[in-house]
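Visitor:
In the numbering used here, the protein residues as written are 2 to 387.
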């Protein structure tokens, strides 16, 4: 099986403190963009190549200069959340608008929200609870029709740069999903052909039109979304190899009961974050339960010394433990900081162990369903064709 290996991406250039580079926004420019009814953010023509990355000037606008607004770009804003000022939209006198122009990668796929931070302290992001308040205040951009639900509730908008590898996604899901629960386990199944795709964190995927996205690309797998729970329950089910194995067995049994047939093995299992780690654990310790895996932004730091250090699974693989016999497609966001090198290390240790050539792709995005959803479809298509 030959899977595709894409090149590593250079780091996106950043300004002082790690924030995206910012350009001045003239009143005339803001008024012209707003009056044109253009979709936001508005991207100026031309590109600037800096440190090997093509950047474009993206302008965000809000018709409200009475309150304080920030643009919360997933991972880009989260990276330095101890100060609101660099992501704040500036009031544009005489217009009723607030706005900001940032240099963003032309190939970026990023979800974002506009957050009213009026009355919040500048350093609100110093605490997790404070930053969740910024999340809570966020809304989708009224002038951007590209939206998706977020795991924390509400809607987010999606910015796709002019060179983004994926730009379109269905807006409505297909009918025909069926559901079954047993204790803490719930699966939602879209019947298809004999091939079975299992995806962890079904709660988050439920509103993301995955079935429509797969079918649009001609992928007819039976789709099984399996809920993984929240908080401690999710961590317990997705980070322990034996618990992950049982989690998948129950999902396959419930799906089989819905479909009226036995499903001892999934053709593909996919997951993101802890779910990506879960897939990697299955490949290494329960290979009879799946024929191939898709690991997106795997949390390979888990049970390591720190979040930028190799965790338990990578250490096991480096010692020669675990099985490396199944094909896997690995994807990670270039804006994911510590997760980016750890996913590269996972790719490298598999190659060093003589695993089937893993597929590998870096996407110009963060820890984000904005690109995970498209990337998952591309990965399943690649495995099917290989």
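Using N, Cα and C, we set each Cβ at its ideal position, and we do this for glycine too.
Just so it is clear, the structure is predicted and the values come from calculations on it, not from any experiment.
1) Can you have a look at residue 300 and say buried or exposed, based on whether 16 or more other CB atoms are within 10 angstroms of its CB?
2) Tell me the DSSP bridge mates of residue 50?
3) Rounded to whole angstroms, how far is the Cβ of residue 99 from the Cβ of residue 70, which I believe are closer than 8 Å?
4) Please check the pair residue 278 and residue 294, which I expect to be a contact at CB under 8 Å, by giving their CB distance rounded to whole angstroms.
5) Distance check for residue 13 and residue 161, CA to CA, integer angstroms please.
6) Nearest-angstrom Cα distance between residue 247 and residue 204?
7) If you compare alpha carbons, which of 311, 266, 357, 282 is closest to residue 243?
8) Would you say the stretch 364 to 382 touches the stretch 332 to 349, given that touching needs at least three Cβ pairs under 8 Å?
9) According to DSSP, is residue 85 part of a helix, a strand, or is it coil?
10) Expressed to the nearest angstrom, what Euclidean distance is found between the alpha-carbon atoms of residue 344 and residue 237?
11) Let me confirm a value: residue 383 is counted as buried when at least 16 other C-beta atoms fall within 10 Å, else exposed. Which label applies?
12) Considering only the beta carbon of each residue, do residue 187 and residue 180 sit closer than 9 Å?
13) List, from N- to C-terminal side, the beta strand (DSSP E) runs of 3 residues or more that fit wholly inside the stretch 66 to 119.
14) Quick check: residue 378 and residue 214, are their CB atoms within less than 9 Å of each other?
15) Should residue 52 go down as buried or exposed, given a rule of 16 or more other Cβ atoms within 10 Å for buried?
16) Starting from residue 33, follow the alpha helix (DSSP H) in both directions and report where the run begins and ends.
Guide: Reading off the structure:
1) Burial of residue 300 is indicated by the presence of at least 16 other C-beta atoms within 10 angstroms of its C-beta.
2) 55
3) 5 Å
4) About 11 Å separates the two Cβ atoms, so there is no contact after all.
5) Each residue's alpha carbon lies about 15 Å from the other.
6) 19 Å
7) Looking at the Cα atoms, 282 is the closest of the given residues.
8) yes
9) coil
10) 21 Å
11) buried
12) yes
13) 70 to 74, 89 to 93, 98 to 106, 110 to 117
14) yes
15) exposed
16) 28 to 36
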